[in-house]
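See structure below.
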């Protein structure tokens, strides 16, 4: 009887070990990395140190997906604040830019070409005022 019970306990232990759930291997940490890139231009008024227009672009890149913020922040006019979402291929981002300006929600397709020291932004409509170049800065300087 003891041998049968011992055999049965050993059998159940083996079955329990074989049926344990497999733990997934951790993902490659590079696959989880999000690269943050920051760009900023400041345009001080010649006759006032308090008034500065700011153009700000922050990008978050994960794999081939890109999200971010693109804001035109004039000191004395209506601001344009918006978010973008798109994809990147070979340092070129194609994104949909949704922004609020003068109380109206608007959407535009934009292209952002990343260079070593700047981002070149073009909009789908040359009259949109979206086309510009923005200098790259350390994100800690934001």
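Numbering (our numbering), first residue to last: 5 to 146. The C-beta atom is built at its ideal place from N, Cα and C for all residues, glycine as well.
Item, Value
"Return the CA-CA distance between residue 73 and residue 144, expressed in angstroms with no decimal places.", "16 Å"
"From residue 59 to residue 130, what does the alpha carbon distance come to, in whole angstroms?", "18 Å"
"If you draw a straight line from the C-alpha of residue 44 to the C-alpha of residue 122, how long is it?", "9 Å"
"In angstroms, rounded to a whole number, what distance separates the CA positions of residue 49 and residue 98?", "33 Å"
"Closer than 8 Å by C-beta to residue 91: which residues in its own chain qualify, once you throw out the five before and the five after it? Chain order, please.", "68, 69, 70, 97, 98 and 99"
"Looking at the structure shown, is residue 123 part of a helix, part of a strand, or coil, going by DSSP?", "strand"
"Please determine, among 64, 138, 83 and 46, the residue with the shortest C-alpha to C-alpha distance to residue 107.", "83"
"Taking the alpha-carbon of residue 78 as reference, which of 117, 54 and 87 has the nearest alpha-carbon?", "54"
"Among residues of its own chain, excluding the 5 on either side of residue 111, which ones have a beta-carbon nearer than 6 Å to its beta-carbon?", "102"
"What separation, rounded to the nearest whole angstrom, lies between the Cα atoms of residue 146 and residue 47?", "15 Å"
"Among 109, 140 and 66, which one has its Cα closest to the Cα of residue 120?", "140"
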